[in-house]
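J.:
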Amino acid sequence: MLKFHNYDIVFQEVPGEVALAISISNCPNRCKGCHSPHLMEDTGKTLCENTLADLLEKYGNSVTCVCFMGGDSHPHEVERLSAFLREKTNNRIKTAWYSGKQHLPERCSLQHFDYIKLGSYVEHLGGLRHKTTNQRFYRIENASMVDMTEKFHIKHSEVKL
Ligand code: SF4
10 MLKFHNYDIV FQEVPGEVAL AISISNCPNR CKGCHSPHLM EDTGKTLCEN TLADLLEKYG
70 NSVTCVCFMG GDSHPHEVER LSAFLREKTN NRIKTAWYSG KQHLPERCSL QHFDYIKLGS
130 YVEHLGGLRH KTTNQRFYRI ENASMVDMTE KFHIKHSEVK L
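The sequence shown begins at 10 in my numbering and counts up by one.
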């Protein structure tokens, strides 16, 4: 079962979108230098279709995208909820997934997402805003992954993580 710690409306995590970012707990990745160690704990409230329907009711007109931050402990639940959101809003709301895995998990389908970030957090390489990062951010277009990681570097070249 997925659980989430909190959520927030954000402007920089998904280029060109106003996103409702949901921070999912129970992260299994254990990256050295983790920027959000509290997300490794199995805490928070259940994240399910009912939760998302409530959030859509409150924020659905204020955002263009819902971004799942984490969820690698139950990737197929993330996929299911992403598909739910897109169907419920007739694709008006896009979905993004920040996974800490190197590759899309087996049997997860690209077609249920609009954006996917892949790659673990490696402290000395930095996150997406660092040009040295190992992480990649993709837009999903016709079942292909279009790398748009550079968008983070152009817009945020002066930002340090
Ligand atoms: S994936 Fe993110 S939240 Fe999970 S351990 Fe790595 S840095 Fe921390």
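Beta carbons are placed, not taken as given, at the ideal position from N, Cα and C, and that holds for glycine.
Ordered along the chain, which non-local residues of its own chain (more than five positions away) have a Cβ less than 8 angstroms from that of Ala92?
T.: So the qualifying residues of the chain are His121.
J.: What runs of the alpha helix (DSSP H), each 4 residues or longer, lie entirely inside the segment 51-96?
T.: For the segment 51-96, whole alpha helix (DSSP H) runs of length 4 or above, ordered along the chain, are 58-68.
J.: Between which two residues does the beta strand (DSSP E) containing Val19 stretch?
T.: Where Val19 is concerned, the enclosing beta strand (DSSP E) stretches over Lys12 to Val19.
J.: My assumption, with CB atoms under 8 angstroms, is that Leu119 sits in contact with Ile149. Please give the rounded CB distance.
T.: At roughly 5 angstroms, the Cβ-Cβ gap stays under 8 angstroms, so Leu119 and Ile149 are in contact.
J.: With a threshold of 16 other CB atoms inside 10 Å of the CB of Ser166, please say whether the residue is buried or exposed.
T.: With a pLDDT of 46 at Ser166, under the threshold of 50, the modelled position of that residue is not reliable, and no figure is offered here.
J.: Excluding the 5 residues flanking Ala105 on each side, which residues of the same chain have their C-beta closer than 8 angstroms to its C-beta?
T.: The answer, listed in chain order, is Glu22, Val23, Glu26, Ala28, Cys74, Val75, Cys76, Phe77, Phe122, Asp123, Tyr124, Ile125 and Lys126.
J.: Between Pro37 and the rest of its own chain, which residues show a CB-CB distance below 6 angstroms, the 5 nearest in sequence each way excluded?
T.: Cβ within range, chain order: Asp81 and Ser82.
J.: To the nearest angstrom, how far is it from the Cα of Leu56 to the Cα of Lys67?
T.: Roughly 16 angstroms separates the two Cα atoms.
J.: Any idea what DSSP makes of Leu113, helix, strand or coil?
T.: Coil, per DSSP.
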